[in-house]
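Working notes, beginning with the structure itself.
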Ligand code: TTP
Ligand code: MG
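Printed below as a string of structure tokens:
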């Protein structure tokens with residue numbers, strides 16, 4: 012199998028992004044274990060960890076862990092609520108710095124981007140460029156990040172993970188295939204928990220195990236995805252860096268302290284969430300294609316309802332009204348107490 016023409020890609024990802032910003036803003040917390048997320052309320056809090064500083068990670072705390080569990084692991088950590096407005100402002104500053112080095116930038120989340128630097132034509136020059144970017148981000152924002160340099164997005168991303176925190180790792184095209192072999196199959200984009208569980212049943216855990224399957228086997232097992240997998244297992248990933256793919260959706264959700272049917276609390280919270288999301292849409296100069304309302308009831312039963320706008324909109328009144336209609340349908344249809352409410356909007360392509 013042949014890879015696309017030679018490319019060199021950098022994957023840049025900020026280190027402990029939300030936590031690092033909080034440390035920067037509050038120097039008195041520097042060096043202490045710090046957790047950004049829901050209020051732990053002395054161990055009784057609901058909700059999850061957004062992120063933990065590397066100091067807090069030593070206690071086993073990580074993103075998406077229930078905040079109550081984090082509190083058990085380290086009650087002495089500093090716990091802070093997220094300040095999304097600040098983080099998205101800093102994210103925009105960082106993306107601007109990156110754009111000064113290359114215009115071929117694909118932002119994939121608030122704190123990460125792929126940069127196509129094929130124009131450097133050498134891994135050494137690409138590495139220097141990555142170091143320059145890291146220096147510029149440090150100089151202007153006093154935040155550290157890590158970079159992976161590779162022949163495609165998959166290799167660059169995995170290399171970046173290995174370089175963390177505050178490092179750079181280069182994997183050349185020549186080394187890509189060997190680099191993949193000892194890794195867990197879940198490192199391959201497109202292989203999540205479900206697929207890896209299927210593979211584990213056949214004793215396939217590492218990329219080197221998966222390599223024993225033929226292209227035909229993989230296609231039989233996973234269809235078109237299997238064909239792609241065959242390449243990825245061999246260090247090949249053709250996914251291009253797509254400029255301007257940055258924002259696909261914006262969402263917010265809240266888990267209640269206690270499952271509730273209190274109409275004031277439910278509607279008040281939902282309106283508040285909608286307001287935050289609509290504000291972000293406006294600030295980022297976007298248009299909404301679909302609005303989805305999420306409701307989780309007692310017993311973790313989660314449902315969604317969506318509305319697609321024939322003509323994408325950013326009209327606050329329209330968005331609020333449509334979202335509220337969906338939400339009220341939920342409240343009226345099901346009599347069960349509600350544990351979590353959320354709203355997510357997908358952005359119309361420009
Ligand atoms: P990540 O880049 O995954 O994590 P990180 O920057 O905190 O740490 P590192 O990259 O050094 O491992 O996510 C970026 C930010 O996104 C993170 O600071 C907080 C937020 N986030 C959540 O809110 N919930 C999550 O489950 C994850 C993974 C991230
Ligand atoms: Mg990060």
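Numbering (the working numbering), first residue to last: 12 to 361. Think of the CB as a built atom: it goes at the ideal place given N, C-alpha and C, for glycine as much as any other residue.
Query: Given residue 155 as reference, the closest of 25, 161, 36 once Cα atoms are compared; Result: 25
Query: Reference residue 196; option with closest CA among 216, 187, 178, 166; Result: 216
Query: Near the ligand MG: residue 326 beta-carbon under 7 Å from a heavy atom; Result: no
Query: Check: residue 364 C-beta below 7 Å from any heavy atom of the ligand MG; Result: Any answer about residue 364 is impossible in this case: the structure gives the chain only from 12 up to 361.
Query: Near the ligand MG: residue 363 beta-carbon under 7 Å from a heavy atom; Result: The question about residue 363 has no answer here: the residues shown for the chain are numbered 12 through 361.
Query: Sufficient close CB pairs (3 or more, under 8 Å) joining the region 239-252 to the region 285-305; Result: no
Query: DSSP state of residue 96 mapped onto helix, strand, coil; Result: helix
Query: DSSP-derived helix/strand/coil call for residue 38; Result: helix
Query: Min CB distance residue 339 to chain D below 8 Å; Result: Among the chains of the structure shown, chain D does not appear; only one protein chain is present.
Query: For residue 106 and residue 198, the rounded distance between their alpha carbons; Result: 25 Å
Query: Cβ-Cβ separation, residue 64 to residue 27 (assumed contact under 8 Å), whole Å; Result: 5 Å
Query: Residue 298 and residue 324 closer than 8 Å at C-beta; Result: yes
Query: Nearest-angstrom Cα separation, counted from residue 219 out to residue 194; Result: 8 Å
Query: Runs of beta strand (DSSP E) wholly within the region 123-167 (minimum 3 residues, chain order); Result: 123-127, 156-161
Query: Inter-residue CB distance, residue 159 and residue 168 (contact presumed, cutoff 8 Å); Result: 6 Å
Query: Residue 95 CB to nearest heavy atom of the ligand MG below 7 Å; Result: no
Query: Pairwise C-alpha distance: residue 157 and residue 87; Result: 28 Å
Query: Any non-hydrogen atom of the ligand COA within 7 Å of residue 142 CB; Result: For the ligand COA, the structure offers nothing, since it holds only the ligand TTP and the ligand MG.
Query: Presumed contact (8 Å Cβ cut-off) between residue 356 and residue 277, rounded CB distance; Result: So it is not a contact: roughly 20 Å between Cβ atoms.
Query: Distance cut-off 7 Å: residue 308 Cβ against heavy atoms of the ligand TTP; Result: no
Query: For residue 206 and residue 238, the rounded distance between their alpha carbons; Result: 14 Å
Query: Supposed contact pair residue 164 and residue 22 - C-beta distance, whole angstroms, cut 8 Å; Result: 7 Å
Query: Neighbouring residues (CB closer than 5 Å to any heavy atom of the ligand MG); Result: 24, 25, 28, 122
Query: Straight-line gap, residue 230 to residue 103 (C-alpha atoms, nearest Å); Result: 41 Å
Query: Option in 330, 36, 309 with minimal Cα separation from residue 283; Result: 330
Query: Opening and closing residue of the beta strand (DSSP E) in which residue 350 lies; Result: 349-358
Query: The alpha helix (DSSP H) enclosing residue 268, as first and last residue numbers; Result: Not the alpha helix (DSSP H): residue 268 falls in the beta strand (DSSP E), residues 260-271.
Query: Beta bridge counterpart(s) of residue 305 as assigned by DSSP; Result: 315, 353
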